[in-house]
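Colleague: To convert a position in the sequence shown, counted from 1, into my numbering, add 45. Each residue gets a CB set at the ideal place from its N, CA and C atoms; glycine is no exception. Would you mind keeping the following structure in view while I ask a few things?
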Amino acid sequence: MRGERQMQNDKLGNGLKGRQVTMISIGGVIGAGLFVGSSNAIAAAGPAVLVAYVIAAAIVVLVMQMLGEMATARPDTGSFSSYADQAIGRWAGFSIGWLYWWFYVLVIAIEAIVAGNILGDWLGLPHAFTAFAISLVLIGSNSLSVGSFGTLEYWLSLFKVVSIVTFIVLGVLAIFGLMPGSSTSGISNLWANGGFAPKGNVAIVAALLTAMFSFQGSEVVTIAAAESRDPKANIKKAIRAVVWRLGLFYLGSMFVVVCLIPWNAPGLAQGSYQAVLNAMNIPWAPGIMSIVVLVAVTSCLNSAIYTASRMAYSLARRGDAPKAVSHTTAQGVPLLAVALTAGAALAALAANYLLPAEVFQFLLATSGALALLMYLVIAVTQLCMRRKLVALGKRLEVRMWLFPWLTLLTIAFIVGVFAVMAAFPGQRAELLSTLGLTGVLVAIGAYLQKRQPALSAQRAGLRLDEPANA
């Protein structure tokens with residue numbers, strides 16, 4: 046009886062509805078970086094930023110197809126960390142799992158800072174106070190039930206989707222000269238200010254780095270789907286939609302921006318989308334963008350708390366974090382995993398306000414290349430796992446295209462991007478910091494694998510007939 050109660054206390058719920066998972070997958074790729082950070086990519090490459098985003102989107106589509114193949118074969122809240130554990134070894138699952146958790150801990154702090162700045166300016170309160178306040182509210186929401194997270198994230202994501210679609214519609218009207226009052230139209234800005242690639246092809250590579258990091262969040266759906274009633278169907282639906290999501294939200298909106306605004310316009314420094322709204326003479330453009338950015342960062346903050354806590358839960362289930370972290374409430378919430386994540390995130394947030402700026406910048410640098418590292422691990426894991434799945438006679442509901450060639454091409458491309466990062470002084474420090482932290486975690490994971498060979502070998506056996514850690 047006690048063992049049965051313990052099993053129940055370690056199990057997540059399945060309270061996420063299909064429409065919530067779908068909206069989470071759509072909204073997951075729309076972060077504040079799209080509304081604000083894209084101006085840096087435009088300044089780096091000019092209109093040729095479109096090429097950078099097309100390449101980055103293609104890589105993410107391939108990676109999501111690989112992840113979809115594994116996730117539909119075995120839905121798991123640990124997602125690619127669990128798959129790396131099974132296909133490569135415990136050291137791989139351990140290291141990428143904790144790296145991913147750490148990344149989202151820092152995302153919580155970063156998004157809270159941005160949200161705190163906006164709210165503080167509106168309310169006339171200290172930024173630190175509003176940053177901690179919104180963090181605590183969302184931590185509390187995540188502690189109630191997965192349904193409360195899903196409901197809030199559904200509406201936040203819906204707002205983001207409506208905002209970006211409205212922006213694109215208004216932009217297309219302006220391009221065709223159908224937007225009353227707009228001071229800009231046409232597509233001549235694609236070549237009128239020094240050509241399509243005014244800074245040369247090398248600049249496209251620099252913009253590519255920004256674009257790659259902008260797409261972080263697509264993978265969250267494979268974590269969230271494990272807490273829905275039909276994980277496989279929800280994952281398949283999200284994977285099929287990834288192409289049009291990236292095409293519409295990123296490529297469509299970026300096309301509107303570079304058509305309507307010169308790439309070297311001073312107004313881009315305030316944000317590319319706000320610059321377009323100003324050029325179209327939309328009333329209260331700064332206020333509108335403040336609301337949109339606040340909703341975007343709140344959504345990312347909410348999602349980051351959820352994602353990091355579920356990864357901590359998965360690590361605990363596998364014996365790579367304290368067992369207590371895997372305990373759940375009657376509503377299926379891993380409360381200690383949420384608390385662990387919240388404690389680390391609030392400590393990072395406090396470091397931003399209480400310690401020298403260099404400390405927080407160092408923390409950020411340790412995760413600077415993690416998005417690329419995650420994509421690399423997913424690709425290598427899929428390369429290894431496909432052979433195991435086939436050997437076990439597992440029917441694949443989602444298959445990677447042109448396997449293994451596209452997988453190998455993706456791996457080669459990501460390694461090439463790492464090489465480019467090493468060549469850029471501004472990116473080199475982030476790469477070295479991330480690799481340094483990765484090395485430490487790999488060493489710890491390898492030690493645990495060697496110390497507990499029976500457990501590690503059992504986990505590497507990939508027993509697909511057993512239920513996943515969801």
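(1) Whose C-alpha, out of I75, N59, F260, is nearest the C-alpha of A341?
(2) Taking 8 Å as the cut-off, does the stretch 217 to 234 touch the stretch 274 to 294 (at least 3 CB pairs, one atom from each stretch)?
(3) I think F300 touches L95, with their Cβ atoms under 8 Å apart; what is that distance to the nearest whole Å?
(4) If we count the other Cβ atoms within 10 Å of its Cβ and call it buried at 16 or more, is Q406 buried or exposed?
(5) Please report the distance separating the alpha-carbon of V485 from that of A366.
(6) Spatial neighbours of E442 within its chain, please: CB distance less than 6 Å, with the 5 preceding and 5 following residues excluded, ordered by chain position.
(7) Would you say E156 and L447 are within 8 Å of each other, going by their C-beta atoms?
(8) Let me know if A256 comes out buried or exposed under the rule of 16 or more other beta-carbons within 10 Å of its beta-carbon.
(9) Counting only runs of 4+ residues fully inside the stretch 358 to 435, write out the alpha helix (DSSP H) ranges in chain order.
(10) Let me know if D121 comes out buried or exposed under the rule of 16 or more other beta-carbons within 10 Å of its beta-carbon.
(11) Do the CB positions of V460 and S190 come within less than 8 Å of each other?
(12) Tell me whether W136 is buried or exposed, calling it buried when 16 or more other Cβ atoms sit within 10 Å of its Cβ.
(13) Between I350 and F125, is the Cβ-Cβ spacing less than 8 Å?
(14) Could you have a look at S273 and say whether DSSP puts it in helix, strand or coil?
(15) Could you tell me how far apart the beta carbons of I69 and V266 are, in whole angstroms, since I believe they sit closer than 8 Å?
(16) How long is the line joining the alpha carbons of G169 and V206, rounded to whole angstroms?
(17) For S335, tell me which candidate among E272, A436, G165, G297 has the shortest Cα-Cα distance.
(18) For L441, name the three-state secondary structure that DSSP assigns.
(19) I need the straight-line Cα distance from A410 to G438, nearest angstrom please.
(20) Applying the 10 Å Cβ sphere with the 16-neighbour rule, what's the burial state of N514?
(21) Can you name, in chain order, every residue of its own chain whose Cβ lies under 6 Å from the Cβ of R355, other than the five neighbours on each side?
(22) Go ahead and pull the three-state DSSP assignment for L480.
(23) Kindly identify the DSSP beta-bridge partner or partners of L454.
(24) By a C-beta neighbour count over all protein chains shown, 10 Å radius and 16 as the cutoff for buried, is P328 buried or exposed?
(25) Among T452, A414, L453, P243, which one has its Cα closest to the Cα of W147?
(26) I need the boundaries of the alpha helix (DSSP H) containing I213, first residue and last residue.
(27) Are the CB atoms of L151 and A474 within a distance shorter than 8 Å?
(28) Can the beta-carbon of V338 be found closer than 8 Å to that of I163?
(29) So, for A173: in the same chain, excluding its five sequence neighbours on each side, which residues have a beta-carbon less than 6 Å away from its beta-carbon?
(30) Among the residues of its own chain, which have a CB less than 6 Å from the CB of P307, if the five just before and after it don't count?
(31) May I ask you to check if the CB of G192 is nearer than 7 Å to at least one heavy atom of the ligand PLP?
(32) Let me confirm a value: L476 is counted as buried when at least 16 other C-beta atoms fall within 10 Å, else exposed. Which label applies?
(33) What did DSSP end up calling L57 once you bin it into helix, strand or coil?
(34) So, do the stretch 312 to 329 and the stretch 77 to 93 have three or more beta carbon pairs nearer to each other than 8 Å?
(35) Got a sec, what are the start and stop residues for the alpha helix (DSSP H) W147 sits in?
(36) Could you have a look at S233 and say whether DSSP puts it in helix, strand or coil?
Modeller: So, from the listed chains and residues:
(1) Of the candidates I75, N59, F260, the one whose C-alpha sits nearest the C-alpha of A341 is I75.
(2) no
(3) 6 Å
(4) exposed
(5) 16 Å
(6) T117
(7) no
(8) buried
(9) 380 to 399, 402 to 410
(10) Label assigned to D121: buried.
(11) Taking 8 Å as the Cβ cut-off, V460 and S190 do not qualify as a contacting pair.
(12) Flag for W136 reads buried.
(13) no
(14) strand
(15) 6 Å
(16) G169 and V206 have their C-alpha atoms spaced approximately 29 Å apart.
(17) G165
(18) Look at L441 here: in three-state DSSP terms it is coil, with no helix or strand label.
(19) 43 Å
(20) Unreliable placement is indicated for N514, whose pLDDT of 47 sits below 50; the coordinate value is still reported in the next sentence. By the neighbour-count definition (other C-beta atoms within 10 Å, threshold 16), N514 is a buried residue.
(21) Cβ-Cβ distances below 6 Å link R355 to T122, I268 in the same chain, with the five nearest sequence neighbours on each side left out; the list follows chain order.
(22) helix
(23) In the DSSP output, where bridge partners are listed per residue, L454 has none listed.
(24) exposed
(25) A414
(26) Per DSSP, I213 belongs to the alpha helix (DSSP H) from 191 to 220.
(27) no
(28) One thing to note: V338 has its Cβ within 8 Å of the Cβ of I163.
(29) Y398
(30) N234, N238
(31) For the structure depicted, the ligand PLP is absent and the ligand set is empty, with no information on it obtainable.
(32) buried
(33) coil
(34) Taking one beta carbon from each stretch, the stretch 312 to 329 and the stretch 77 to 93 have 3 or more pairs nearer than 8 Å; the two touch.
(35) 135 to 168
(36) DSSP places S233 in helix when its eight states are reduced to three.
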